[in-house]
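These notes concern the structure reproduced below.
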Amino acid sequence: MEIKKLREAIKAILFVSGDPVSIDRVADALELDRPTAAKILQNLADEYDGEESGVLIVRMEDQYQMCSNPKYAKPIHKVMDMRRNTPLSPAGLEVLAIVAYNQPVTKAFIEQIRGVDCSGVIGSLSAKGLIEERGRLELPGRPLLYGTTANFLRCLSISSLSELPPIPEKQAEEEKADA
Amino acid sequence: MEIKKLREAIKAILFVSGDPVSIDRVADALELDRPTAAKILQNLADEYDGEESGVLIVRMEDQYQMCSNPKYAKPIHKVMDMRRNTPLSPAGLEVLAIVAYNQPVTKAFIEQIRGVDCSGVIGSLSAKGLIEERGRLELPGRPLLYGTTANFLRCLSISSLSELPPIPEKQAEEEKADA
Amino acid sequence: MEKLSYKLPSFEGPLDLLLYLISKNKLNICDIPIAELLEQYMEQIHEMQKQDMDVASEFLEMAARLVYIKTVSLLPKHEEAEELSRELSGQLLEYQECRRVAQSMAASFNLEFFVREPEKIDFDETYRRVHRPEELLAAYLNAAGRGKRLLPPKPEAFSGITHRIVSVSSKIVAVLRRLWTAHEVRYESLFEEKRGRSDMVATFLAVLELVRGKRVRVEGEDGNETVKLMNGGVRHWKLKSYGKQ
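Protein chains in written order, with the numbering used here: chain A, 2 to 180; chain C, 2 to 180; chain U, 2 to 246.
What follows is the structure, encoded as structure tokens:
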């Protein structure tokens with residue numbers, strides 16, 4: 002397939018899939034080598050990028066997803082008659098921050114830092130698709146581990162966890178010493 | 002909103018909706034008069050039209066819908082399908098093994114050996130074309146019998162059931178005594 | 002320290018409350034005057050209780066912890082108190098940092114990205130991966146014998162305990178026979194001439210089974226329930242399988 006068609010095919014794939022699609026899947030479906038697929042995907046993402054663009058193609062780790070530009074949330078809400086997404090509570094943001102910077106973490110670790118029970122918040126962050134279970138820790142009780150999702154990256158408009166703003170040095174070390 | 006932004010907003014709306022959206026709803030959401038909304042929608046539809054375009058905007062009566070170009074159905078299928086072609090779970094493999102070595106067998110027999118309900122696994126193995134129904138056993142309740150398929154042979158790269166590795170003697174006898 | 006008299010803000014937890022008190026009184030987080038802090042902390046707790054707010058157990062635990070730190074700091078040797086204070090300071094610093102990060106994250110956080118539901122497509126689900134036959138054998142050997150451990154004990158295992166096992170299917174037939182002649186019977190009458198617990202249990206299960214199979218309907222309430230045949234009482238060919246004993 003020539004490059005123009007490949008680009009259009011990828012648009013079609015991202016549109017239909019809805020979910021994030023990995024570079025490997027695209028490469029496989031179009032019979033491309035991975036670097037070529039990665040390059041076309043990134044080109045498309047750049048092309049769709051733009052403050053006013055209605056539809057965006059965002060990258061999350063090695064996956065790409067088509068989504069709407071939050072700028073147009075209001076008319077979308079109106080047409081779809083959706084309930085507005087309530088912003089996260091301070092508690093939700095705190096738990097999310099702890100998970101994001103220390104993942105994978107147990108509930109006990111989160112509660113240790115916040116000093117309060119966090120079951121409810123963890124449940125609602127899971128329901129919102131911002132954190133997810135990541136197996137269990139091989140310790141007595143086998144506690145569940147939590148990490149952030151691809152959706153979390155999209156909500157922060159970053160494409161990888163490495164883009165999270167760094168924690169000031171001193172603080173990070175203290176934390177390490179405590180843990 | 003200027004015309005460029007309106008166009009992008011409409012793209013966003015059509016993208017998120019997936020379903021057809023009427024001109025009236027678009028006009029309402031963007032606070033436009035109907036003729037203006039109709040004109041922008043038709044312009045967009047024209048722009049997204051094209052034999053090779055990955056995503057189309059099609060008109061149906063007074064509704065518009067964003068959809069993928071059927072031209073790219075093949076790679077789309079491939080990408081979406083791969084998601085499902087996940088490797089067999091250990092449970093799936095076990096049930097498959099029991100069917101393979103004892104066919105034709107009833108669900109009750111499989112559950113007797115595994116000690117757990119197997120309805121779900123049997124259903125998914127059938128959907129995957131690895132096992133199939135083989136009539137009924139003439140006993141009270143006339144339970145269904147299951148056997149493996151030709152596809153099963155292909156998955157194991159063997160040409161006949163006789164090529165399955167033999168079960169160690171002792172094991173086979175215990176089995177018989179239990180059943 | 003000034004007197005606290007205002008509408009109570011809600012706190013995320015004891016650490017949140019402590020940080021609030023510390024910043025309000027411009028205290029040094031690394032050198033907390035425990036006695037003063039405890040006093041203000043307790044005032045807050047009492048205020049919360051007065052306003053009928055739910056005081057979570059964590060707040061009370063922290064109160065106990067502060068009291069303990071204060072107590073040991075009154076002892077002539079201070080080491081333990083110092084260590085406990087440092088621990089509390091460390092925890093507060095850590096939580097403060099967590100809040101700072103959360104706030105900076107909030108600034109760039111946006112929940113208004115919308116995605117589409119994946120299109121519904123009918124797939125050919127045929128399994129196409131390739132496995133080695135040995136994997137299958139391994140799975141077989143793994144499965145074989147497990148049932149012995151997991152299956153419920155056979156009825157014979159209880160032969161020394163139970164007296165009589167009444168099969169549910171025999172009761173299904175019995176209930177249906179009555180309904181074919183009477184079309185409608187009182188629910189309780191089904192249990193009237195029963196000769197023991199297992200008889201009653203089997204009858205009860207039989208009724209449940211028939212309801213589930215949409216063969217009968219139970220109507221009414223408060224002891225006036227009746228059992229009716231569905232489908233106008235016409236015999237159904239499927240019943241033959243029930244009848245086989």
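C-beta: ideal position from N, C-alpha, C; glycine also.
Where residue i sits in the DSSP three-state scheme
| i | result |
| --- | --- |
| U:Lys229 | strand |
| C:Tyr147 | strand |
| U:Lys241 | Model confidence at U:Lys241 stands at a pLDDT of 37, short of 50, so the residue's coordinates are unreliable; what they give is reported in the following sentence. Three-state DSSP puts U:Lys241 in a helix. |
| U:Val186 | strand |
| C:Ser158 | coil |
| A:Thr37 | helix |
| C:Ser120 | helix |
| C:Ser23 | strand |
| A:Asp82 | coil |
| C:Cys71 | Note on residue identity: the sequence assigns Pro, not Cys, to residue 71 of chain C. Looking at C:Pro71 - three-state DSSP - the assignment turns out to be helix. |
| C:Arg115 | helix |
| U:Tyr141 | helix |
| U:Tyr128 | coil |
| C:Leu45 | helix |
| U:Pro134 | helix |
| U:Asn29 | coil |
| A:Glu164 | helix |
| C:Leu140 | coil |
| U:Asp223 | coil |
| U:Glu37 | helix |
| U:Phe114 | coil |
| A:Ser54 | coil |
| C:Ser125 | helix |
| A:Ile77 | helix |
| C:Glu32 | coil |
| U:Glu44 | helix |
Pair within 9 Å by beta-carbon distance, residue i and residue j
| i | j | result |
| --- | --- | --- |
| A:Arg60 | A:Ala38 | no |
| U:Arg213 | U:Val228 | no |
| U:Arg117 | C:Gly130 | no |
| A:Pro88 | U:Ala103 | no |
| C:Thr107 | C:Leu138 | yes |
| C:Asn70 | C:Val56 | yes |
| A:Tyr65 | C:Ala13 | no |
| U:Ala207 | U:Ile173 | yes |
| A:Lys5 | C:Glu53 | yes |
| C:Ile58 | C:Val96 | no |
| U:Ser90 | U:Cys31 | yes |
| U:Lys215 | U:Met201 | no |
| A:Leu42 | A:Ile24 | yes |
| U:Ala140 | C:Pro167 | no |
| U:Gln45 | U:Leu22 | yes |
| C:Ala101 | C:Leu162 | yes |
| U:Asn225 | A:Cys156 | no |
| U:Ala144 | C:Ala30 | no |
| C:Val122 | A:Val22 | no |
For residue i, the residue or residues it bridges with in DSSP
| i | result |
| --- | --- |
| C:Arg60 | C:Tyr65 |
| C:Val106 | C:Tyr147 |
Start and end residues, alpha helix (DSSP H) containing residue i
| i | result |
| --- | --- |
| C:Gly93 | Pro91 to Asn103 |
| U:Glu83 | Glu80 to Ser109 |
| U:Lys71 | Ser58 to Ser74 |
| U:Asp200 | Arg198 to Arg213 |
| U:Gln52 | No alpha helix (DSSP H) contains U:Gln52, which DSSP labels as neither H nor E. |
| C:Ile14 | Ile4 to Ser18 |
| U:Lys25 | Pro15 to Lys25 |
Enclosing beta strand (DSSP E) for residue i [first to last residue]
| i | result |
| --- | --- |
| A:Ile132 | Ile132 to Arg137 |
| U:Val217 | Val217 to Glu220 |
| U:Ser179 | At residue 179 of chain U the sequence reads Arg, which differs from the Ser that was named. No beta strand (DSSP E) contains U:Arg179, which is instead part of the alpha helix (DSSP H) from Val169 to Ala183. |
Task: Where the stretch 84 to 98 of chain A meets chain C: residues whose CB sits under 7 Å from a CB there - done: none
TODO: Check distances from the C-beta atoms of the stretch 167 to 180 of chain U to those of chain C and list, in chain order, the residues that come in under 8 Å.
DONE: none
Open item on the list: Can you pull out the residues from the stretch 20 to 47 of chain A whose beta carbon lies closer than 8 Å to at least one beta carbon of chain U?
Closed with: Asp20
Task: Members of the stretch 96 to 117 of chain U that neighbour chain A once the beta carbon cut-off is set at 8 Å - done: Tyr96, Glu98, Cys99, Arg100, Val102, Ala103, Gln104, Ser105, Met106, Ala107, Ser109, Phe110, Asn111, Leu112, Glu113, Phe114, Phe115, Val116 and Arg117
Open item on the list: Counting only Cβ-Cβ distances shorter than 8 Å, please list the residues of the stretch 128 to 141 of chain C near chain U, keeping chain order.
Closed with: Ala128, Lys129, Gly130, Leu131 and Pro141
Task: Interface positions of the stretch 123 to 146 of chain U facing chain C (Cβ-Cβ less than 9 Å), listed along the chain - done: Phe124, Asp125, Glu126, Thr127, Tyr128, Arg129, Arg130, Val131, His132, Arg133, Pro134, Glu135, Glu136, Leu137, Leu138, Ala139, Ala140, Tyr141, Leu142, Asn143, Ala144, Ala145 and Gly146
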